[in-house]
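Asker: First the structure, then my questions, so here it is.
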Amino acid sequence: MKNNKNKHMKILHYFLFTILLCTMQTTWSQTSDNKRIDGIVGMVGDKIVLESDVQKSLLDIMSRKDRPMDFDECMVYGSLMESKLFLYHAELDSIQVMPEMVEQNLQAQLDQAVQATGSIDGVVKFYGKSSFEELSKYLKEIIENNLKISQYQNTVATSVEITPEEVRQFFNSLPEEELPIIGDQMELAEILIEPEISEGQVQKVIDQLNQIKKEVEDGSSFSSKVYLYTEDPGSVKSGGLYSIDKNSDFVKEFKDATFSLKEGQVSEPFKTDYGYHIVYLEKIRGEKYDVRHILISPKPTAEAIQEARNLADEVRMKILNNEMTFEEAVMKYSTNKTNKNSNGIMMHPSTGDTRFELNSITDRNLYNSIYNLKKGEISPVIAYNYKDNARYQIIKVLDKIDSHKADFSKDFVAIQRIALDNKKRDKLGEWIDKKIGQTYIFVDDQYKNCKFSNSWVQ
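Start counting the sequence shown at 1; every next residue gets the next number (the UniProt record's numbering).
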């Protein structure tokens, strides 16, 4: 039973990060035998599952080269029910996600879709939407729900840890034919060059926020100022409104500013990684604080952006002409403080590993710049935007590792991650069993004979 559950949870994991973005609200009408499939076939709390969700998800999986070998309609249905269960309880527990995270994920999703279809109009047509605005709204809701689910799963499984001995036992328990295949990998180092933002540009933003604060304290509407000035696209339609408590997933500086205020007060301008903010405390409701905020980020001048680009080109030529080593250039020019003292070695943001599987690199600009490089070679200057600011990157390939069956000593980090994920899935499975008994569940008759790994049918 445990093995079946793990297999089923792997399907759920697969859904949440590769399928759900395309399946949540697709509308179908009839099959060839005129069977109506657009009805509600499942319900978890107040979250519904449509037959169209099941069928679209099934087709999406079948169209993928990396699809699981043994899946069926029942497993797809069960996975959608599980995602609804996590979403329902995430919202009950007031899980919130930063709008900036939604925007970043939306942009990444759109970038990939544009590369696949050739244009943003092609993406709009692919999703069956009438306009880019309609598409953005559709995707934002799905992405926000995905992030809530992911965050809630992390909360449920946050205490799960794994020892090296458990990793060894997990690896030794796998038959030879089930050893994971590690895809082509690279170890990379970077030189990051960012345009300088002058003190004058920073002060300009602070002065602007102080002026807004003064006008609000003199009687102007904070909400109206949000519509005029904020650069936080996720909250502009609500007038910058958030409801947060001490457990909300907001950066420390934001929460510190919020909880230091009394009702009706406006904070002093403060800095986060996203830019500069002011916060207005509208109301305190028990442990909940209703706040509105305005975000403005200092921008580099056009001259500063061009200077950064010119510097990146100059640094690359110096390395190619053997005027300095890559490592010397990192120390002298790179603005990335997190890896500057380790020769620019890049670490995967999700795994902490120094190895990057090529097929997991979603940034096509980065992928296209490095996939053909040999060990020791450097990339062209890669230009990209981060939080609306230009950045320039030079990548060096430190090592290339061909695809292979996992080796315990060489691939310990990857095996450890797989073993930990397996253990977390067991934990999530236990949570699902418990919550099913505490949640309203409806399963349509056509799925009641499915052999689920969880007790959806009571």
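Each residue gets a CB set at the ideal place from its N, CA and C atoms; glycine is no exception. All of these numbers come straight from a predicted model, not from anything done at the bench.
1) Would you list the one or two residues that DSSP bridges to Val-397?
2) Report the start-end ranges of each beta strand (DSSP E) in the UniProt domain "PpiC" (183 to 283) that is 3 residues or longer and not cut off at the edges.
3) Please name the residue in Tyr-274, Val-251 and Ser-248 whose C-alpha comes closest to that of Thr-230.
4) Taking the C-alpha atoms as reference points, what is the distance between Ser-220 and Lys-140?
5) In angstroms, rounded to a whole number, what distance separates the CA positions of residue 469 and Gly-78?
6) Assuming Arg-292 contacts Phe-222 under a Cβ cut-off of 8 Å, what Cβ separation, rounded to an integer in Å, is found between them?
7) Among Ala-390, Ser-297, Val-251 and Asp-53, which has the Cα closest to the Cα of Glu-307?
8) Please identify the residue among Tyr-289, Asn-322 and Asp-207 whose C-alpha is closest to the C-alpha of His-277.
9) Is the Cβ-Cβ distance between residue 502 and Val-44 less than 7 Å?
10) Mind checking whether Lys-424 and Val-160 have CB atoms under 7 Å apart?
11) Exposed or buried, which one is Ala-312 when buried takes at least 16 other CB atoms within 10 Å?
12) Could you pull out every unbroken alpha helix (DSSP H) segment of at least 4 residues lying fully inside the stretch 304 to 358, listed in chain order?
13) Inspect the beta-carbon positions of Glu-103 and Pro-233 and report whether they are closer than 7 Å.
14) Helix, strand or coil, according to DSSP, for Lys-448 in the structure here?
15) CB-CB under 8 Å to Lys-225, same chain, minus the five flanking residues each way: which ones, in chain order?
16) Taking the beta carbon of Lys-448 as the centre, do at least 16 other beta carbons fall within 10 Å, making it buried, or is it exposed?
17) Measure the C-alpha to C-alpha separation of Phe-170 and Lys-405 and round it to an integer number of angstroms.
18) The alpha helix (DSSP H) that contains Met-62, what's its start and end?
19) The beta strand (DSSP E) spanning Asn-385 covers which residue range?
20) On the three-state DSSP scale, how would you describe Tyr-371?
21) Who are the Cβ neighbours of Ile-436 in its own chain at under 8 Å, not counting the five residues just before and after it?
22) Can you check which of these residues, Asp-402, Thr-439 and Glu-282, is closest to Asp-184 by C-alpha distance?
23) What is the DSSP secondary structure of Asn-365, reduced to helix, strand or coil?
24) How about the stretch 130 to 150 and the stretch 264 to 274: do they share at least three Cβ pairs that are nearer than 8 Å?
25) Count the other CB atoms, across all protein chains shown, that sit within 10 Å of the CB of Gln-458; report buried if there are 16 or more and exposed otherwise.
26) Measure the C-alpha to C-alpha separation of Ser-198 and Ala-304 and round it to an integer number of angstroms.
27) Out of Gln-416, Glu-357, Ser-238 and Met-346, state which residue places its alpha-carbon closest to the alpha-carbon of Lys-396.
28) For His-293, write down the residues that DSSP places opposite it in a beta bridge.
29) Would you mind sorting Ile-19 into buried or exposed? The rule is 16 or more other CB atoms within 10 Å of its CB.
30) State the DSSP-derived secondary structure class of Asn-389, mapped to helix, strand or coil.
31) Are there 16 or more other CB atoms within 10 angstroms of the CB of Leu-192, so buried, or fewer, so exposed?
32) Pull up the distance between the alpha-carbon of Ala-116 and that of Asn-365, whole angstroms please.
33) Per the DSSP calculation, Lys-288 is bridged to which residue(s)?
34) Tell me where the alpha helix (DSSP H) around Met-81 begins and ends.
35) Going by beta carbon distance, what residues of the same chain come within less than 8 Å of Arg-168, once the five residues before and after it are set aside?
36) Is any heavy atom of the ligand HEM found at a distance shorter than 6 Å from the C-beta of Arg-355?
Answerer: The structure says:
1) As a first step, residue 397 must be located in the sequence shown, where it is residue number 397. Paired residue(s): Leu-188.
2) 185 to 193, 241 to 244 and 270 to 272
3) On the sequence shown, position 230 is the one that residue 230 refers to. Closest option to Thr-230, Cα to Cα, is Tyr-274.
4) As a working mapping, residue 220 is identified with position 220 in the sequence shown. As a working mapping, residue 140 is identified with position 140 in the sequence shown. Distance between the alpha carbons of Ser-220 and Lys-140: 31 Å.
5) Examination of residue 469 is not possible in this model, given that the chain is present from 1 through 458 alone.
6) The residue labelled residue 292 in the question sits at position 292 within the sequence shown. The residue labelled residue 222 in the question sits at position 222 within the sequence shown. Going by Cβ atoms, the distance from Arg-292 to Phe-222 rounds to 5 Å, so yes, they are a contact pair.
7) For the purposes of this step, residue 307 is taken as residue 307 along the sequence shown, with counting starting at 1. Ranking the options by Cα distance to Glu-307, first place goes to Ala-390.
8) Along the sequence shown, read from residue 1 onward, the residue named residue 277 stands at position 277. Per the Cα distances, Asp-207.
9) No answer is possible for residue 502: it lies beyond the span of the chain, which begins at 1 and ends at 458.
10) What you label residue 424 is simply residue 424 of the sequence shown in a count that begins at 1. What you label residue 160 is simply residue 160 of the sequence shown in a count that begins at 1. Yes, Cβ-Cβ distance for Lys-424 and Val-160 is below 7 Å.
11) Residue 312 sits at position 312 when you count from the first residue of the sequence shown. That one is buried.
12) 326 to 333
13) Indexing the sequence shown from 1 puts residue 103 at position 103. Indexing the sequence shown from 1 puts residue 233 at position 233. Yes, Cβ-Cβ distance for Glu-103 and Pro-233 is below 7 Å.
14) Working through the sequence shown from its first residue, we reach residue 448 at position 448. In the structure shown, Lys-448 sits in coil (DSSP, three-state: anything other than H, G, I, E or B).
15) Taking the first residue of the sequence shown as position 1, residue 225 is located at position 225. Within the same chain, Lys-225 has close Cβ partners Ile-212, Glu-215, Val-216 and Ile-294.
16) Against the sequence shown, residue 448 aligns to sequence position 448. Exposed, because fewer than 16 other Cβ atoms sit within 10 Å of the Cβ of Lys-448.
17) Here the question's residue 170 lines up with position 170 in the sequence shown. Here the question's residue 405 lines up with position 405 in the sequence shown. Roughly 15 Å separates the two Cα atoms.
18) By one-based count along the sequence shown, residue 62 stands at place 62. Where Met-62 is concerned, the enclosing alpha helix (DSSP H) stretches over 51 to 62.
19) Walking along the sequence shown from the start, residue 385 turns up at place 385. Its beta strand (DSSP E) spans residues 382 to 386.
20) Against the sequence shown, residue 371 aligns to sequence position 371. Three-state DSSP puts Tyr-371 in coil, outside helix and strand.
21) To locate residue 436, count along the sequence shown from 1; it is residue 436. Cβ within range, chain order: Leu-85, Asn-454, Ser-455 and Trp-456.
22) Locating residue 184 in the sequence shown gives position 184, where the first residue counts as 1. Nearest option by C-alpha distance: Asp-402.
23) Start at 1 with the first residue of the sequence shown, and residue 365 comes out as number 365. Asn-365: helix per DSSP, three-state reduction.
24) no
25) Position 458 of the sequence shown, counted from the start, is the residue given in the question as residue 458. So Gln-458 counts as exposed.
26) The count along the sequence shown starts at 1 and reaches residue 198 at position 198. The count along the sequence shown starts at 1 and reaches residue 304 at position 304. Approximately 9 Å between the Cα atoms of the pair.
27) Walking along the sequence shown from the start, residue 396 turns up at place 396. Nearest option by C-alpha distance: Met-346.
28) In the sequence shown, counting from the first residue as 1, residue 293 sits at position 293. According to DSSP, which records beta bridges pairwise, His-293 is partnered with Val-279.
29) On the sequence shown, residue 19 is found 19 positions in, with the first residue counted as 1. A caution first: Ile-19 carries a pLDDT of 43, below 50, which makes its placement in the model unreliable, though a value can still be read off. Burial call: buried.
30) If you number the sequence shown from 1, residue 389 lands on position 389. Strand, per DSSP.
31) As a first step, residue 192 must be located in the sequence shown, where it is residue number 192. Label assigned to Leu-192: buried.
32) Along the sequence shown, one-based indexing puts residue 116 at 116. Along the sequence shown, one-based indexing puts residue 365 at 365. Cα to Cα, the separation comes out at about 13 Å.
33) For the purposes of this step, residue 288 is identified with residue 288 of the sequence shown, where counting begins at 1. Looking at the DSSP assignment, Lys-288 forms a beta bridge with Arg-285.
34) Position 81 of the sequence shown, counted from the first residue, corresponds to residue 81. Unbroken alpha helix (DSSP H) run through Met-81: 73 to 92.
35) As a first step, residue 168 is located in the sequence shown; it is residue number 168 there, counting from the start. These residues qualify, in order along the chain: Phe-408.
36) Judged by which ligands are present, the structure shown has none, so any question about the ligand HEM falls away.
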